[in-house]
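Going left to right, the sequence shown walks through residues 1 to 146 as the UniProt record's numbering numbers them.
Glycine included, every Cβ here is placed at the ideal spot set by N, Cα and C.
What you are looking at is a predicted structure, and each value in this text was computed from that prediction instead of being measured.
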Amino acid sequence: MTLDELIARENVRDTYARYNHAGDRGQLEQLAACFSEEGILEVKGGFTARGQREIVAALTDIAPRIARTDTPPLGTHHIVRHYVANLHFTSVHPERIETQAYFVVFQVDAVDHWGRYRDVLVPVGERWLFAHRRVSVDGKRPGSTA
Numbered sequence: 001m002t003l004d005e006l007i008a009r010e011n012v013r014d015t016y017a018r019y020n021h022a023g024d025r026g027q028l029e030q031l032a033a034c035f036s037e038e039g040i041l042e043v044k045g046g047f048t049a050r051g052q053r054e055i056v057a058a059l060t061d062i063a064p065r066i067a068r069t070d071t072p073p074l075g076t077h078h079i080v081r082h083y084v085a086n087l088h089f090t091s092v093h094p095e096r097i098e099t100q101a102y103f104v105v106f107q108v109d110a111v112d113h114w115g116r117y118r119d120v121l122v123p124v125g126e127r128w129l130f131a132h133r134r135v136s137v138d139g140k141r142p143g144s145t146a
């Protein structure tokens, strides 16, 4: 592995983290900034959005549906936390990286849903951004927000 490849892989990991942290905080503009200008967010069985503006609009549209309105357990507040595991680089080239990873989404009281990301990332300036992110939910608990 070359130093350039190692740096590219670390930039991909950074993009994954930025995406999930922004999503957990409801910061949709920051989440969309993890995509290239014409990047695609595809949620299997849900929606497909192209470009940062359309991604923000699509996520804004579904926000009321996925928001929890029940009362959280005493002494807590509603949280969302995405955890990513087993990030696998399936193809690494100077102008394109393909990855797969598993994710689990926790809410304050339990695991909510889980699945897989399949991604294509491209270099944009100093960063690697999603050209295409495919989200597949493999399972969810009853009453899940997914």
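Query raised in the report: L129: which of E5, D4 and Y16 sits nearest, CA to CA?
Result: For the purposes of this step, residue 129 is taken as residue 129 along the sequence shown, with counting starting at 1. Taking only the C-alpha atoms, the option nearest L129 is Y16.
Query raised in the report: Does DSSP put V108 in a helix, a strand or coil?
Result: By one-based count along the sequence shown, residue 108 stands at place 108. DSSP places V108 in coil when its eight states are reduced to three.
Query raised in the report: DSSP puts I97 in a beta bridge; with which residues?
Result: Translated into positions along the sequence shown, residue 97 becomes position 97. Paired residues: V92 and L121.
Query raised in the report: Span of the beta strand (DSSP E) holding A32?
Result: Taking the first residue of the sequence shown as 1, we reach residue 32 at position 32. Careful: A32 lies outside any beta strand (DSSP E), inside the alpha helix (DSSP H) at L28 to A32.
Report task. Whole angstroms is fine: what's the gap from V113's alpha carbon to T48's? Result -> Along the sequence shown, one-based indexing puts residue 113 at 113. Along the sequence shown, one-based indexing puts residue 48 at 48. Here residue 113 is His; the residue named in the question, Val, does not match the sequence. Near 19 Å, if we compare the C-alpha coordinates of T48 and H113.
Requested in this report: Determine the DSSP secondary structure at H132, reduced to helix, strand or coil.
Outcome: Position 132 of the sequence shown, counted from the start, is the residue given in the question as residue 132. Note: H132 maps to strand in three-state DSSP.
Query raised in the report: Just the Cα atoms here: how many angstroms apart are V43 and G23?
Result: Mapped onto the sequence shown, residue 43 falls at position 43. Mapped onto the sequence shown, residue 23 falls at position 23. Approximately 14 Å, taken between the alpha carbons.
Query raised in the report: Distance, Cα to Cα, A84 vs F103?
Result: Along the sequence shown, one-based indexing puts residue 84 at 84. Along the sequence shown, one-based indexing puts residue 103 at 103. Here residue 84 turns out to be Val, not Ala, going by the sequence shown. Computed Cα separation, rounded: 4 Å.
Query - Distance between G139 and G46 (C-alpha atoms, nearest Å) - result: Reading the sequence shown from its first residue, position 46 is the one you call residue 46. Reading the sequence shown from its first residue, position 139 is the one you call residue 139. The alpha-carbon atoms of G46 and G139 are separated by roughly 14 Å.
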